[in-house]
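Below: one structure, written as structure tokens.
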Amino acid sequence: MRRRAFLGCLALSGVAWGQDWGGLASEVTQFMAQYQVPGLSVAFARQGRMVYQHGFGFADTSRREPVNPSNRFRIASVTKPFTSATLMRLMEAGRLRLSDRVFGPGSILGDDFGQPSGPWLTDLSVEHLLTHTGGGWPNDGTDPMFHHREMDQRQLIAWTLANQPLSNPPGTHYAYSNFGYCILGRVVEKLTGKPYEQAVRDLVLVPCGIHSMEIGDNRRRPQEVVYYGGEPYAMNVRRMDSHGGWIATASDLVAFLLRVDDFPSVADILRHDTIQTMVTGTTANPHYAKGWEVNDAHNWWHNGSLPGTTTLMVRTSSGWCWAALTNTRQEGMGLALDRLMWRLRELLP
Numbered sequence: 292m293r294r295r296a297f298l299g300c301l302a303l304s305g306v307a308w309g310q311d312w313g314g315l316a317s318e319v320t321q322f323m324a325q326y327q328v329p330g331l332s333v334a335f336a337r338q339g340r341m342v343y344q345h346g347f348g349f350a351d352t353s354r355r356e357p358v359n360p361s362n363r364f365r366i367a368s369v370t371k372p373f374t375s376a377t378l379m380r381l382m383e384a385g386r387l388r389l390s391d392r393v394f395g396p397g398s399i400l401g402d403d404f405g406q407p408s409g410p411w412l413t414d415l416s417v418e419h420l421l422t423h424t425g426g427g428w429p430n431d432g433t434d435p436m437f438h439h440r441e442m443d444q445r446q447l448i449a450w451t452l453a454n455q456p457l458s459n460p461p462g463t464h465y466a467y468s469n470f471g472y473c474i475l476g477r478v479v480e481k482l483t484g485k486p487y488e489q490a491v492r493d494l495v496l497v498p499c500g501i502h503s504m505e506i507g508d509n510r511r512r513p514q515e516v517v518y519y520g521g522e523p524y525a526m527n528v529r530r531m532d533s534h535g536g537w538i539a540t541a542s543d544l545v546a547f548l549l550r551v552d553d554f555p556s557v558a559d560i561l562r563h564d565t566i567q568t569m570v571t572g573t574t575a576n577p578h579y580a581k582g583w584e585v586n587d588a589h590n591w592w593h594n595g596s597l598p599g600t601t602t603l604m605v606r607t608s609s610g611w612c613w614a615a616l617t618n619t620r621q622e623g624m625g626l627a628l629d630r631l632m633w634r635l636r637e638l639l640p
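Take the position in the sequence shown, starting the count at 1, then add 291; the result is the number in our numbering.
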């Protein structure tokens, strides 16, 4: 898409509070023009209170539908903190230990997906999958989640266990793995006896006051945006449920952050010690915890990226939480979106 497709068509909608609206609009306009962004939705909260939410650009360019705060976007890998929080809730309920093994005799999934074979599979634990230290299935050209589109989750997991062995002992190497989180979705289902979507809704979303999130697919759902760039409708989105399948509003993501941020302003859905476990990195990668990226400044976040989708969710140690959702993906856009949000936060009162 050429740049002129979006120049001059910035639409503003929603409810906003702030003292420097002109400065905010200028920053957003520049970002959207540079990266050919059709639509953007943002939400910010500070000390437990939503202070700013707004939609920019278009949810559907052909119909010139403006983005508003109620528009839902694919959140891509921002899904992973929701899966992690669900497992943390199960751990607090005594139904799970992070050291529990996933496959083999006496494990959570046993031989549900076939008899495990190959090196180290029976050593694989829930914690290994949460921290991307499972020893295989990295997010590269061999990522099972983006192959065999015709297979459902059960078929894909069985095929992968039989055909793509682990390359390292679990716990020794970090390699970002969407497939590992697909397996975790099945762990949630096994422990709860419910479909993953319903389990997350019951254990995390409803306690956070979130009612508009759902697992997406290739049909446009009510209030969902249209996606642009690449082939966004060529993926098996529903199969990606526990690693990248949710659709949500920016304010949904902030509502979730406020209930797991370990600040006293709003009651959290997890205990302090559980949250600290959730956001503590590993020896293999101190900057990735259990479904969250973390840094030495005690900020926690996750970003997401799929064809047609670039997303971000951030909790800062200073008491701010924010989220940003777009309906396109361009090279270099993820880092630029992060920088934009930090600049916008500086402009808010």
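Even glycine gets a Cβ: it sits at the ideal position worked out from N, Cα and C.
Check whether the stretch 473-489 touches the stretch 430-447, taking contact to mean three or more Cβ pairs, one atom from each stretch, closer than 8 angstroms. yes
Identified DSSP bridge partners for Gly348: Gly330
Nearest residue (CA-CA) to Glu356, options Ile399, Thr463, Val517, Thr565: Val517
Would you check if there are 3 or more beta carbon pairs closer than 8 angstroms linking the stretch 456-463 to the stretch 501-509? no
Straight-line CA distance for Gly330 to Val358? 6 angstroms
Which value, in whole angstroms, describes the spacing of the CA atoms of Thr422 and Gly314? Answer to the nearest angstrom: the Cα atoms are 39 angstroms apart.
Nonlocal neighbours in the same chain, by C-beta distance under 8 angstroms from Leu631, ignoring five residues either side: Glu318, Val319, Phe322, Ala615
Using DSSP with H/G/I as helix, E/B as strand and the rest coil, what is Met526? coil
For the beta strand (DSSP E) containing Arg380, name the first residue and the last one. Premise fails: Arg380 lies in the alpha helix (DSSP H), 370-383, not in any beta strand (DSSP E).
Helix, strand or coil at His419 according to DSSP, with G and I counted as helix: helix
Mind checking whether Arg589 and Ser368 have CB atoms under 8 angstroms apart? Arg is not the amino acid found at residue 589; the sequence shown has His there. No. Outside cutoff.
Let's see if you can read the secondary structure: which residues bound the alpha helix (DSSP H) around Val545? 541-549
Select from Val557, Arg562, Leu548 the residue whose C-alpha is nearest the C-alpha of Leu603. Leu548
Is there contact here, the stretch 607-624 with the stretch 580-598, by at least three beta-carbon pairs under 8 angstroms? Touching, yes, given that three or more Cβ pairs across the two stretches are closer than 8 angstroms.
Report buried or exposed for Val497, applying the criterion of at least 16 other Cβ atoms within 10 angstroms of its Cβ. exposed
If you measure between the beta carbons of Thr565 and Glu383, is that distance less than 8 angstroms? yes
Ser468 to Gly582 span [Cα, whole Å]: 11 angstroms
Hey, Ile399 and Lys485: beta-carbon distance below 8 angstroms or not? no
Spatial distance of Glu441 from Ala449 (CA atoms): 14 angstroms
Look at the alpha carbon of Gln406 and the alpha carbon of Gly395, and state the distance between them as a whole number of angstroms. 7 angstroms
Leu378 and Val417: beta carbons closer than 8 angstroms? In this structure, Val417 lies closer than 8 angstroms to Leu378 by Cβ.
Are the Cβ atoms of Arg354 and Glu515 separated by less than 8 angstroms? no
Enclosing beta strand (DSSP E) for Arg606 [first to last residue]: 600-606
Quick check: the Cα distance between Phe373 and Ala316, rounded to an integer number of angstroms? 31 angstroms
Our contact map puts Glu505 next to Asp532 with C-beta atoms below 8 angstroms; I'd like the distance itself, whole angstroms only. Not quite, the Cβ-Cβ distance comes to about 10 angstroms (not below 8 angstroms), so this is no contact.
Does the distance from the CB of Arg636 to the CB of Trp613 come in under 8 angstroms? Yes, these two residues count as a Cβ contact at 8 angstroms.
With DSSP run on the structure shown, which of helix, strand or coil describes Asp587? coil
Return helix, strand or coil for Trp428, following the three-state DSSP convention. coil
Applying the 10 Å Cβ sphere with the 16-neighbour rule, what's the burial state of Gln567? exposed
Counted within 10 angstroms of its Cβ, other Cβ atoms place Asn586 as buried (16 or more) or exposed: By the 10 Å Cβ count, Asn586 comes out exposed.
Is Gly314 helix, strand or coil when you go by DSSP? helix
Just confirm the distance between the C-beta atoms of Ala558 and Met569, as a whole number of angstroms; I'd bet it's less than 8 angstroms. That belief does not hold up - the Cβ atoms of Ala558 and Met569 are roughly 17 angstroms apart, past 8 angstroms.
In angstroms, rounded to a whole number, what distance separates the CA positions of Gly241 and Gly471? Because the chain here runs from 292 to 640, residue 241 falls outside it and cannot be looked at.
Range covered by the alpha helix (DSSP H) that runs through Leu475: Element bounds for Leu475: 469-483.
Arg340 classed as buried or exposed, judged by whether at least 16 other C-beta atoms fall within 10 angstroms: Arg340 comes out exposed.
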